[in-house]
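> Below you will find the structure I want to go over with you.
Numbering (my numbering), first residue to last: 14 to 344.
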């Protein structure tokens, strides 16, 4: 097993104070690793970074078209959203259109991520619900698929037809038999794979063609993410801001515990990375650096700077340090 490599550095003045280690791969059109750091064979739980894989059966089965889902619904099916009105209103309408309601969602209730929205909810005497959960779009997609298949309501059970379809798609696009799964924060199974497998899957999405049902489904999901980045995450989030910085050229998705993936259709390239300590600041810094390395984004773009080189300030507002990508990511 190869050792983890440096992904991000924390500098305070002239001193390297801390390092975030991890693993990263860049996969070419054939799925092979064309550049890497750390251990490409490290088995990870990709968490929410692979929601586009989990959404493949929604389209392939015919469920999406039968429910007349649009680009906005497909983007939400890949989303880890903020629980803003733009997200929750769409989920509510989608549930209504398929004859389901909030109580049918198996993801737990979650407060909106933006503090102003949380305060407004408190002032109104309202409680967060399952529609506010960052995974409610994915779960509404699961419900849509379950209804189309005539399957039961426990759509997160590992042996449910929905999750069997998800596992088949996951193992196909990663080209690996998953060694198992963990239960994600939203109660759905999260299938494990090597980092290389996840990177290979992103390369599949980057190169997807209309010659197969799975290819057409992958293209639709990537196009939905790129068309509605505001739905994939939301205000102030890295996924949304990085996609807006390169419109139509990039689909990116974060996952809990320091995972990040990118799909680059113009270059036919997929990226997957994992910060070993699960730090989001490390994964955001590293993905921004790799996108600069590959020429997708300029280093001086504000959305890039906020992730790749954010200043560290003390309580008095003084700039005392910075987060920087490890030199090997940019060279």
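The beta-carbon is built from N, C-alpha and C at its ideal position, and this holds for glycine as well.
Quick check: the segment 198-206 against the segment 33-45, are at least 3 beta-carbon pairs closer than 8 angstroms?
Cβ pair count under 8 angstroms is below three, so no.
> Counting C-beta neighbours from all protein chains within 10 Å, is the total for residue 29 16 or more, i.e. buried, or is it exposed?
So residue 29 ends up on the exposed side.
> Just to confirm before moving on: does the CB-CB distance between residue 58 and residue 35 stay below 9 angstroms?
Cβ atoms of residue 58 and residue 35: not closer than 9 angstroms.
> So residue 205 packs on residue 56, CB below 8 angstroms; how close in whole Å?
Confirmed, Cβ separation roughly 5 angstroms.
> For a quick check, are the C-beta atoms of residue 103 and residue 89 less than 9 angstroms apart?
Yes, they are a contact pair.
> Pick out whichever of 147, 114 and 191 has its Cα sitting closest to the Cα of residue 160.
Comparing Cα positions, the closest option is 114.
> Please give the ranges of any alpha helix (DSSP H) in the segment 188-268, keeping only runs that are unbroken, at least 4 residues long and fully inside the region.
208-219, 226-240, 242-245 and 251-258, all fully within the segment 188-268.
> Here's the rule: buried if 16 or more other CB atoms are within 10 angstroms of the residue's CB, otherwise exposed. What is residue 136?
Exposed is the call here.
> For residue 284, which beta-bridge partners are listed by DSSP?
Paired residue(s): 39 and 275.
> Taking C-alpha atoms, which residue in 170, 139 and 140 lies nearest to residue 152?
Of 170, 139 and 140, the residue nearest in Cα terms is 170.
> Determine the direct distance from the alpha carbon of residue 148 to that of residue 91, and round the result to whole angstroms.
Going by the C-alpha atoms only, they are around 8 angstroms apart.
> Cα separation between residue 252 and residue 27?
For residue 252 and residue 27, the distance between alpha carbons rounds to 31 angstroms.
> I'd like to know whether the C-beta atoms of residue 6 and residue 203 end up nearer to each other than 9 angstroms.
Absent from the model: residue 6. The displayed extent of the chain is 14 to 344, so no value can be given.
> Residue range of the alpha helix (DSSP H) that residue 50 falls in?
Careful: residue 50 lies outside any alpha helix (DSSP H), inside the beta strand (DSSP E) at 46-50.
> If we ignore side chains and look at the alpha-carbon of each, how far apart do residue 96 and residue 279 end up?
Taking the straight line joining both Cα atoms gives about 31 angstroms.
> Taking its Cβ as the centre, do 16 or more other Cβ atoms sit within 10 Å of residue 311, making it buried, or is it exposed?
Classification for residue 311: exposed.
> For residue 338, which of helix, strand or coil comes out of DSSP?
Residue 338: strand per DSSP, three-state reduction.
> Measure the beta-carbon distance from residue 18 to residue 341 and round it to whole angstroms, keeping in mind my assumption that it falls under 8 angstroms.
Confirmed, Cβ separation roughly 7 angstroms.
> How long is the line joining the alpha carbons of residue 222 and residue 231, rounded to whole angstroms?
Looking at the two C-alpha atoms, the distance is approximately 8 angstroms.
> When the Cα atoms are used, what is the spatial distance from residue 118 to residue 322?
The straight-line gap from Cα to Cα measures roughly 39 angstroms.
> Let's test the definition: count the other Cβ atoms within 10 Å of the Cβ of residue 315 and tell me whether it reaches 16, buried, or not, exposed.
Exposed.
> Please report the distance separating the alpha-carbon of residue 269 from that of residue 71.
Straight-line Cα distance between these residues: approximately 23 angstroms.
> Let's see if you can read the secondary structure: which residues bound the alpha helix (DSSP H) around residue 23?
Unbroken run through residue 23 is the beta strand (DSSP E), 18-25; no alpha helix (DSSP H).
> Near residue 240, what residues of its chain come up, given a Cβ to Cβ distance below 6 angstroms and the 5 sequence neighbours on each side ignored?
Cβ neighbours of residue 240 beyond the five flanking positions: 84.
> List the residues that DSSP assigns as beta-bridge partners of residue 325.
Bridge partners of residue 325: 334.
> Measuring straight from C-alpha to C-alpha, what distance separates residue 112 and residue 264?
Each residue's alpha carbon lies about 31 angstroms from the other.
> Count the other CB atoms within 10 Å of the CB of residue 145; is the residue buried (16 or more) or exposed (fewer)?
Answer is buried; the Cβ neighbour count reaches 16.
> How long is the line joining the alpha carbons of residue 158 and residue 54, rounded to whole angstroms?
Taking the straight line from one Cα to the other gives about 32 angstroms.
> Let me check one thing: in DSSP terms, what residues is residue 33 bridge-paired to?
Answer is 21, bridged to residue 33.
> Check whether the segment 288-303 touches the segment 271-278, counting contact only when three or more Cβ pairs, one atom from each stretch, lie closer than 8 angstroms.
Taking 8 angstroms as the limit for Cβ pairs, the verdict is that the segment 271-278 does touch the segment 288-303.
> Which residues mark the beginning and the end of the alpha helix (DSSP H) in which residue 61 is found?
That residue, residue 61, is in no alpha helix (DSSP H); it is neither H nor E in DSSP.
> At a cut-off of 8 angstroms, is residue 58 close to the ligand MG when judged by its beta-carbon and the heavy atoms of the ligand?
The model on display carries no ligand, and the ligand MG is accordingly not part of it.
> Taking the alpha carbon of residue 142 as the reference point, which residue from 156, 242 and 122 has its own alpha carbon closest?
For the residues 156, 242 and 122, the minimum Cα distance to residue 142 belongs to 122.
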